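Q:
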DNA sequence: ATGCATACATAGATTTTGAATGTATCTTCG
DNA sequence: CGAAGATACATTCAAAATCTATGTATGCAT
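Residue numbers (the numbering used here), protein chains in the order written: chain W, 689 to 800; chain U, 689 to 800.
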């Protein structure tokens, strides 16, 4: 089980990373996260939508409704330039810490 | 600059990882973190001591004072078995998420 | 004696999160 | 047709965790 703080720290970068690969809507993002994490990360919609709203307020993402054929209306989110910058810098931070952790726990291997 | 949430998520695992390598005291832990992160993580003592106290209350670490030669008294922290378990499971979680992030951002390379 | 690094400690204002809850549509299957 | 379950989005606010600000004190160098 992933700790609360780690969950909190990873939510935004994961959302940004997913949207960097193409626009997407809330419900689908949840499934993609579950998918890409091998089932270890299971988000609820109740936690995701507020996060998406906050990220939109911060201009990391934008949204627009799309009504198609037989489907329910969906709100699609798109990453902004600011969002891409944020993602890039988050990834750098994650790398620092991950490498610090690895360096401490197995000092012999270097790896990535 | 490392984000607040990421900072929060990494504090405990880093402390545990350091103590897994041998007992240590607060001030020295701060320097070790700075050192191992290449200067990217700079903790303040004011944020560390409360964390250490909470971790001790949760039995992840124990502490005892050591008064030596010309030095000031220092409170040395030791990792417990429970702490080692915690560290191990945190590392697993970190790996999941790091790999999910990497998988999303550069889908071609696998790596570790 | 002055300044700086070392060393530990506490309180509590502030922020943040996400669980709980609500609404509604689409699909499937008997 | 009707029921059940998956899909889809939305809001509120109680509860909890963090760490900034602040305080104390010693060792060492010059």
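For every residue, glycine included, the Cβ atom is placed at its ideal position computed from N, Cα and C. These figures come from a predicted structure and were not determined experimentally.
#1: Count the C-beta pairs between the region 712 to 724 of chain W and the region 768 to 778 of chain U that are closer than 8 Å, then say yes if the count reaches three, no if not.
#2: On the DSSP bridge assignment, give the partners of residue 777(U) in chain order.
#3: Exposed or buried, residue 702(W), counting other C-beta atoms within 10 Å across all chains shown (16 or more means buried)?
#4: Taking all protein chains shown into account, decide if residue 792(W) is buried (16 or more other Cβ within 10 angstroms of its Cβ) or exposed.
#5: Which of the three DSSP states is assigned to residue 762(U) in this structure?
#6: Tell me the rounded alpha-carbon separation between residue 744(U) and residue 698(U).
#7: With distances taken Cα to Cα, identify the nearest neighbour of residue 761(W) among 778(W), 794(W), 712(W), 746(W).
#8: Strictly below 7 Å CB to CB, what residues from chain W border residue 738(U)?
#9: Where residue 725(U) and residue 780(W) are concerned, what is the direct C-alpha to C-alpha distance, given to the nearest angstrom?
#10: Assign residue 748(U) to buried or exposed, taking buried as 16 or more other Cβ atoms, counted over all protein chains shown, within 10 Å of its Cβ.
#11: Does any C-beta atom of chain U lie closer than 8 Å to the C-beta of residue 778(W)?
#12: Should residue 729(W) and residue 690(W) be called a contact, given that it needs their Cβ atoms to be closer than 8 Å?
#13: Residues of chain W with CB closer than 8 Å to the CB of residue 784(U), please, in chain order.
#14: Checking contacts by CB at 8 Å: is residue 748(U) closer than that to chain W?
#15: Does DSSP classify residue 750(U) as helix, strand or coil?
A: Straight from the coordinates:
#1: No, the region 712 to 724 of chain W is not in contact with the region 768 to 778 of chain U.
#2: The residue labelled residue 777(U) in the question sits at position 89 within the second chain. Beta-bridge pairing links residue 777(U) to no other residue.
#3: As a first step, residue 702(W) is located in the first chain; it is residue number 14 there, counting from the start. By the 10 Å Cβ count, residue 702(W) comes out buried.
#4: In the first chain, the residue the question calls residue 792(W) occupies position 104. Buried: at least 16 other Cβ atoms inside 10 Å.
#5: Position 74 of the second chain, counting from 1, holds the residue named residue 762(U). Strand, per DSSP.
#6: By one-based count along the second chain, residue 744(U) stands at place 56. By one-based count along the second chain, residue 698(U) stands at place 10. Distance between the alpha carbons of residue 744(U) and residue 698(U): 17 Å.
#7: By one-based count along the first chain, residue 761(W) stands at place 73. Residue 712(W) is the option with its Cα nearest to residue 761(W).
#8: Taking the second chain and counting its residues from 1, one reaches residue 738(U) at position 50. Within 7 Å Cβ-Cβ: nothing; residue 738(U) doesn't reach chain W, min ~15 Å.
#9: Your numbering for residue 725(U) matches position 37 in the second chain. Your numbering for residue 780(W) matches position 92 in the first chain. Going from the Cα of residue 725(U) to the Cα of residue 780(W) covers about 12 Å.
#10: As a working note, residue 748(U) is residue 60 in the second chain. Flag for residue 748(U) reads buried.
#11: What you label residue 778(W) is simply residue 90 of the first chain in a count that begins at 1. Output row for residue 778(W): interface = yes.
#12: Here residue 729(W) is taken as the residue at index 41 of the first chain, counted from 1. Here residue 690(W) is taken as the residue at index 2 of the first chain, counted from 1. Yes, these two residues count as a Cβ contact at 8 Å.
#13: Taking the first residue of the second chain as position 1, residue 784(U) is located at position 96. The answer, in chain order, is 690, 725, 726, 728, 729.
#14: As a working mapping, residue 748(U) is identified with position 60 in the second chain. Answer no: the Cβ-Cβ gap between residue 748(U) and chain W never drops below 8 Å.
#15: Walking along the second chain from the start, residue 750(U) turns up at place 62. Three-state DSSP puts residue 750(U) in a strand.
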